[in-house]
Structure formats: structure tokens, C-alpha cells
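Visitor: Plus 170 on top of the position in the first sequence (first one is 1) and you've got my numbering. After the C-alpha cells below, expect a handful of questions from me.
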Amino acid sequence: MKLQAVKGTNDILPEQDARWRSVVDAAAEVLGTASAGRLTTPIFEHAEVFEKSVGDSADLVVQKEMYTFEDRGGRRLSLRPEFTAAVVRAFIQHGMHTRPLPVKLWSAGPAFRAENVQRGRYRQFHQVNLETIGNATPLADAEAIELLYRTLARAGLTRHRIQLGSVGDPEDRAAYNAYLREALAPHAAELSEASRERLRLNPMRVLDSKDARDQELIAGLKRPLELLGDEARRHFDAVAGYLTAWGVPFEVDDSIVRGLDYYRRTAFEVHYVGIGAQSALGGGGRYDGLVELLGGPQLPGIGWAFGIERVLDALEQEGRGEAAVEGPVLFLVPLDDAAVGEGAALARRLREAGLRVEFAYQRRNPGKGLKDADRAGARYAALRGGSERERGVWQLKELASGEQREVREDELAPLLQAGAPGATKEL
RNA sequence: GUGGAUGUAGCUCAGUAGGUUAGAGCAUCGGAUUGUGGUUCCGAGGGUCGUGGGUUCAAAUCCCAUCAUCCACCCCA
């Protein structure tokens, strides 16, 4: 056990590939129907892209959860811990504000955080991300949330739940934080150590505490939703209204909080019961102000991301784990040395025609060859030795039924291409 | 960073009152079967017992350290 993948990173094996692709394909399909274009950005950026956007109090920075390093030119670079800042950077760099607004951009790829590992939490993980930049209406929020819900449904999930909240406008947030500080100050000594720290840096996050004593202290307090200003309140109600009208199931969650500073108003998460402690499949929210913060025009935005590994975990809970790896349609078995080259050449031609064909690399006897074909998962095997060569044919055998007949080489492609059921009957 | 559990073959695991060459099932390869597969039977290859140190005549087994994995805290995807 000498060399192995770095802690918190995973190999995606061939048998997992189909599931993986199906999730990304679901996103491409669903998000495409909403005219979102796919944007692929580098996996690393100048560190300041994330540092500026994320805010000083965010854990990403404070707890050094970013993989930041210096390259040979002395540039400080960071592996992306999330997509939003990088997408916004690309949006600004390419002058996308001149396109018809809003601009919808989706992405998929790895992200990195230097955290400790557990189920559903890895150091390299993968996300599907969507950003809608340039529209501040509640309709844009509802659209984004609906797309998130539908993408996951399309990927095969049936038991994911949307939780909707609001962190308010900056003034609301400031007011609520002040309220919390005041309300909790007398009990500060009773709070857990972590929560005392939160109270100092980002009081709202105290609501997130899983400490039983903390929860008791919090129980009687007002929630962020109760202290929303009029505009934020109307915005929230409108988003909820659209979702209800569209039949997107959701629950109001009055304790949704964001670790990142740039969120305003709408905040939401998708959860799934049964995938361990990290039950959030994804989350997102509105970030009016971020584009400007990163040096772009004053444009609002809303976006979300979900974790592909967590979705795959959830799919497994629903009994939709690894799909069987598809075998070749045809497996060619050379029964003598001359047939080895003939088989390879035939395979090449059939592959050129788009068929999935495999062959034995050396002469086999029929028993071995059929065994090879069987284990490769092939549907048909074709054998050829001296007597077949004389007649210019291959013995084509359907493995499942055992039916066999002689076919000329030029008959093979049309026969196999005719498709599974038809070809079977012909035999 | 903190806490708990676990590290024996590619995989799932046996194997402790310490005792010769460390086992099974599955998987792999070969043979039974040099022109017809899946079942079955036979055989083979594959192990620094996570790593390092200690105790002992003797360590997979006991002690210490260390690393890794899993789960949880924290935080989040």
C-alpha cells in the first residue's frame, strides 16, 4: 500500500463513469432548456479572486480551507473552492454584461477545499454550478431554484427537498446580527466555544449550531425571516409564490445561513436524508453586489451549486448505483494464426462503422474463445478458422441463445447495425 | 484541528491462552475440453499481516509511536 490517491481525492472508475456522466448530462439538458451556456474556467485562479469575493470572516479564508500556493513567477494562486467567484471573474473579463441580460452560465468540474474528510466531504469534489447574472427579480430566483430541483429530478432523484430562506438585505442582516449580539450577550458564557466565536465574527451562524445547549438558548429568539425589511420580505414572498404556483415542493427554513459574505436575500439549500451528516446536496442564493466587488458593472446575480458525489450517494440510496458496463456487440475469435490478422482487420472496419467490436489478440480454440467473448460481455461471437476461410465466412453465434449460422463478412455490419432485436430474429 | 472505530491476497473476511512454510470464498491465470461458452471439477500465481520500533527463545497476535481509511465534530458540496 505504497502509492495511493491523496487523502480526500477519488478515482472515478470506468464502471462509475456512466452514472457520473448521467448527472452532468441531466444538467446539460435541463439547463440548456433555459438557455444557460456552459462555461469552463480554469481550476485555479489568482488567490484574490476568491479572497475578495468571499469576505474576511468566511471560513474559507479564516480557517485556511483554500489550497493556495505560489507559482514560480511568485503569483499567489488558489485552487477554486467554489465556482461563483471564478464565473463572475470570467463574466467580467469577457465583457458579458454587453450580452442580453440576464446571462445564464452553467459549469461542471472539480473544486478543492483543504478540510478534513468524511462521508460526502472530500478535498477534491465535483460540482455542477449555475449562475444567472443581470436580473434582480424574484422570478430569476424562482427560475434558478426550479432548475436546480428539476436537474436533480432529471438525474434520477425523487426524494430531494428544497429549503428556502432569506438572509435579507445588508441592512436587515446588520440589524439581525445586532439583535443576536444583544440577545445572546447575557448568555455568552453558556454558549459553546464555537458559537462564541461565531457571535463575534458572524452572529447569524450561531443559528447553525448543533450544540444542544446552544439550540436551547436560540430557541426563543427571533429568526432572520421575522426581521426582514419590507422589500426583502416582498421578494421572499414572491419567490415562494412562484415555486408554489409551479408545483416545486419546498419548505420555508428560517435558519438558513450562509458562510459566504456576498449573499443577499434569497438563500436556499437542497437536502437529502440518508447520505450521512452532510445532507446538503447543494445550495445557493442571491449575490447582488459581487460583480461590482470583483471590478465589474453593478449587476445582480443568483446562483447555486450541487455536489456530484453527494448526488451519486443519494442516487445509491434510491437503489440506482453503478450501471453495468456495456460489453461489445461482437467478439471475434481467430481459430488459427491467419485469422488473427483477419479478425483485427474486420474489427477495425466494423468499428469504423460505429459498432462496438472486440477481438482476441491471439489464436484461441473455440472453447476458450467463446469463454473470452462471454466474459467480455459480448452479445455475439464470430469464429473463423481454416474451413470458414475456404468458404469466406465467419461463424456468427448469439451467446445468449446459442443460435449459430455462417455469414459473409460483408453481411456482418448491416446485420449488427440492424439493431438488437431484429438481428436476433434473423438468426 | 478534535474525538471514535478500523487496517491480514485485487475484493469480502477467517486466523489472539504468542509457537514450524498465514488461510477461505470471490476474482485472475492454466488444465479437464488441440473446432463450440456460461455449470462443474482440478491446479497455479498472488501476502513487507499498513509502517517503524519495543517485549520475547518465538509476534499477524502483546506494548509504544506513526501513517492511512471510515464515521462524527467543525464547516459545507
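Virtual Cβ for every residue (Gly too), placed ideally from N, Cα, C. Predicted model only: the values in this text are computed from it and were never measured.
According to DSSP, is residue 322 part of a helix, a strand, or is it coil?
Guide: For the purposes of this step, residue 322 is taken as the residue at position 152 of the first sequence. If DSSP states are grouped into helix, strand and coil, residue 322 belongs with the helices.
Visitor: Taking the Cβ atom as the reference point for each residue, do residue 278 and residue 297 lie within a distance shorter than 8 Å?
Guide: Mapped onto the first sequence, residue 278 falls at position 108. Mapped onto the first sequence, residue 297 falls at position 127. Yes, the Cβ-Cβ distance between residue 278 and residue 297 is below 8 Å.
Visitor: In its own chain, which residues sit with a C-beta less than 6 Å from the C-beta of residue 468, not counting the 5 before and 5 after it?
Guide: For the purposes of this step, residue 468 is taken as residue 298 along the first sequence, with counting starting at 1. So the qualifying residues of the chain are 462.
Visitor: Rounded to the nearest angstrom, what separates residue 473 and residue 359 at their Cα positions?
Guide: Here residue 473 is taken as the residue at index 303 of the first sequence, counted from 1. Here residue 359 is taken as the residue at index 189 of the first sequence, counted from 1. The straight-line gap from Cα to Cα measures roughly 38 Å.
Visitor: Hey, would you say residue 502 sits closer than 8 Å to residue 513, going by beta carbons?
Guide: Reading the first sequence from its first residue, position 332 is the one you call residue 502. Reading the first sequence from its first residue, position 343 is the one you call residue 513. Against a cut-off of 8 Å, the Cβ pair of residue 513 and residue 502 comes out as a contact.
Visitor: On a Cα-Cα basis, can you pick out the residue from 268, 347 and 500 that is closest to residue 142?
Guide: Summary: the structure shown does not reach residue 142, with the chain confined to residues 171 through 597, and so no result is reported for it.
Visitor: Tell me which same chain residues have a C-beta within less than 7 Å of the C-beta of residue 294, skipping the five on either side of it?
Guide: In the first sequence, counting from the first residue as 1, residue 294 sits at position 124. Closer than 7 Å at Cβ, skipping near neighbours: 178, 179, 280 and 282.
Visitor: What are the boundary residues of the alpha helix (DSSP H) that includes residue 347?
Guide: In the first sequence, the residue the question calls residue 347 occupies position 177. That run of the alpha helix (DSSP H) goes 340–354.
Visitor: So, is residue 414 buried or exposed, given that buried needs 16 or more other C-beta atoms within 10 angstroms?
Guide: Position 244 of the first sequence holds residue 414. Exposed, because fewer than 16 other Cβ atoms sit within 10 Å of the Cβ of residue 414.
Visitor: What did DSSP end up calling residue 316 once you bin it into helix, strand or coil?
Guide: Looking up residue 316 in the first sequence gives position 146. In this structure, residue 316 counts as helix in the three-state DSSP scheme.
Visitor: Residue 455 to residue 249, Cα distance in whole Å?
Guide: Residue numbering aside, residue 455 sits at position 285 when the first sequence is read from its first letter. Residue numbering aside, residue 249 sits at position 79 when the first sequence is read from its first letter. Each residue's Cα considered, the two are about 22 Å apart.
Visitor: Leaving out five residues on either side along the sequence, give the residues of the same chain with a beta carbon under 6 Å from the beta carbon of residue 549.
Guide: In the first sequence, the residue the question calls residue 549 occupies position 379. Excluding residues within five positions, the ones whose Cβ falls inside 6 Å are 499.
Visitor: Measure the beta-carbon distance from residue 393 to residue 445 and round it to whole angstroms, keeping in mind my assumption that it falls under 8 Å.
Guide: In the first sequence, residue 393 corresponds to position 223, counting from 1. In the first sequence, residue 445 corresponds to position 275, counting from 1. Not quite, the Cβ-Cβ distance comes to about 26 Å (not below 8 Å), so this is no contact.
Visitor: Run through the region 430–518 for me and flag every whole beta strand (DSSP E) of 3 or more residues, listed as ranges in chain order.
Guide: Complete beta strand (DSSP E) runs here, min 3: 434–441, 450–456, 471–477 and 500–504.
Visitor: Apply the 10 Å Cβ neighbour rule to residue 310 and answer buried if 16 or more other Cβ atoms are within range, or exposed otherwise.
Guide: As a working mapping, residue 310 is identified with position 140 in the first sequence. Classification for residue 310: buried.
Visitor: Which partner residues does residue 421 have in the DSSP bridge list?
Guide: In the first sequence, the residue the question calls residue 421 occupies position 251. BP columns for residue 421 point to 333.
Visitor: Is the separation between the beta-carbon of residue 525 and that of residue 570 shorter than 8 Å?
Guide: Taking the first residue of the first sequence as 1, we reach residue 525 at position 355. Taking the first residue of the first sequence as 1, we reach residue 570 at position 400. Result no, Cβ atoms of residue 525 and residue 570 do not sit closer than 8 Å.
Visitor: At 4 residues or longer, what runs of the alpha helix (DSSP H) sit wholly inside the region 231–307?
Guide: Entirely contained in the region 231–307, the alpha helix (DSSP H) runs reaching 4 residues are, in chain order, 254–263.
Visitor: What's the call for residue 171, buried or exposed, on a 16-neighbour Cβ count within 10 Å?
Guide: Sequence index remark: in the first sequence, residue 171 carries index 1 (1-based). Low per-residue confidence applies at residue 171: pLDDT is 44, beneath 50, and the placement is therefore not dependable enough to give any value.
Visitor: Between the C-alpha atoms of residue 594 and residue 546, what's the straight-line distance to the nearest angstrom?
Guide: Locating residue 594 in the first sequence gives position 424, where the first residue counts as 1. Locating residue 546 in the first sequence gives position 376, where the first residue counts as 1. Summary for residue 594: the model assigns pLDDT 42, below 50, so the residue's position carries little reliability; its value from the coordinates is reported in the next sentence. Between residue 594 and residue 546, the C-alpha separation is close to 19 Å.
Visitor: Determine the burial state of residue 375: buried for a count of at least 16 other Cβ atoms within 10 Å of its Cβ, exposed for fewer.
Guide: In the first sequence, counting from the first residue as 1, residue 375 sits at position 205. Result: buried.
Visitor: Given a cut-off of 8 Å on the beta-carbon distance, is the pair residue 224 and residue 259 in contact?
Guide: Stepping through the first sequence from its first residue, residue 224 is reached at position 54. Stepping through the first sequence from its first residue, residue 259 is reached at position 89. No, the Cβ-Cβ distance between residue 224 and residue 259 is not below 8 Å.
Visitor: Contact check, residue 361 vs residue 200 under 8 Å by CB: the rounded distance?
Guide: Start at 1 with the first residue of the first sequence, and residue 361 comes out as number 191. Start at 1 with the first residue of the first sequence, and residue 200 comes out as number 30. So it is not a contact: roughly 43 Å between Cβ atoms.
Visitor: Would you say residue 333 and residue 439 are within 8 Å of each other, going by their C-beta atoms?
Guide: Position 163 of the first sequence, counting from 1, holds the residue named residue 333. Position 269 of the first sequence, counting from 1, holds the residue named residue 439. The answer is yes: Cβ separation under 8 Å.
Visitor: On the CB-based measure, 16 or more other CB atoms within 10 Å of its CB, does residue 639 come out buried or exposed?
Guide: Outside the displayed range of the chain (171 to 597) lies residue 639, so it cannot be described from this structure.
Visitor: Could you give the DSSP three-state label for residue 528: helix, strand or coil?
Guide: Locating residue 528 in the first sequence gives position 358, counting from the first residue. Strand.
Visitor: Can you say whether residue 299 is buried or exposed, counting buried as having 16 or more other CB atoms within 10 angstroms of its CB?
Guide: Position 129 of the first sequence, counting from 1, holds the residue named residue 299. With 16 or more Cβ atoms within 10 Å of its Cβ, residue 299 is classed as buried.
Visitor: With DSSP collapsed to three states, give me the class of residue 613.
Guide: Outside the shown range of the chain, which is 171 to 597, sits residue 613, and nothing can be said about it.
Visitor: I need the straight-line Cα distance from residue 303 to residue 390, nearest angstrom please.
Guide: As a first step, residue 303 is located in the first sequence; it is residue number 133 there, counting from the start. As a first step, residue 390 is located in the first sequence; it is residue number 220 there, counting from the start. If I take the Cα positions, the gap works out to 38 Å.
Visitor: Please give the ranges of any beta strand (DSSP E) in the region 187–233, keeping only runs that are unbroken, at least 3 residues long and fully inside the region.
Guide: The region 187–233 contains these whole beta strand (DSSP E) runs: 214–216.
Visitor: Here's the rule I'm using: 16 or more other beta-carbon atoms within 10 Å means buried, otherwise exposed. How should residue 175 be labelled?
Guide: As a working mapping, residue 175 is identified with position 5 in the first sequence. The residue in question, residue 175, is exposed, as its Cβ has fewer than 16 Cβ neighbours within 10 Å.
Visitor: Helix or strand or just coil, what does DSSP make of residue 385?
Guide: Counting from one through the first sequence, the residue named residue 385 turns up at place 215. Three-state DSSP puts residue 385 in a helix.
Visitor: If residue 421 sits next to residue 331, beta carbons under 8 Å apart, how far is it from one beta carbon to the other, in whole angstroms?
Guide: Counting from 1 along the first sequence, the entry for residue 421 is found at position 251. Counting from 1 along the first sequence, the entry for residue 331 is found at position 161. With a Cβ gap of about 7 Å, residue 421 and residue 331 count as contacting.
Visitor: What would DSSP say about residue 553, mapped onto helix, strand or coil?
Guide: Here the question's residue 553 lines up with position 383 in the first sequence. Looking at residue 553 - three-state DSSP - the assignment turns out to be strand.
Visitor: By Cβ distance, which residues of its chain are closer than 6 Å to residue 591, with the 5 residues on each side in sequence left out?
Guide: Residue numbering aside, residue 591 sits at position 421 when the first sequence is read from its first letter. Note that residue 591 scores 38 on pLDDT, short of 50, meaning its location in the model is unreliable and no value can be drawn from it.
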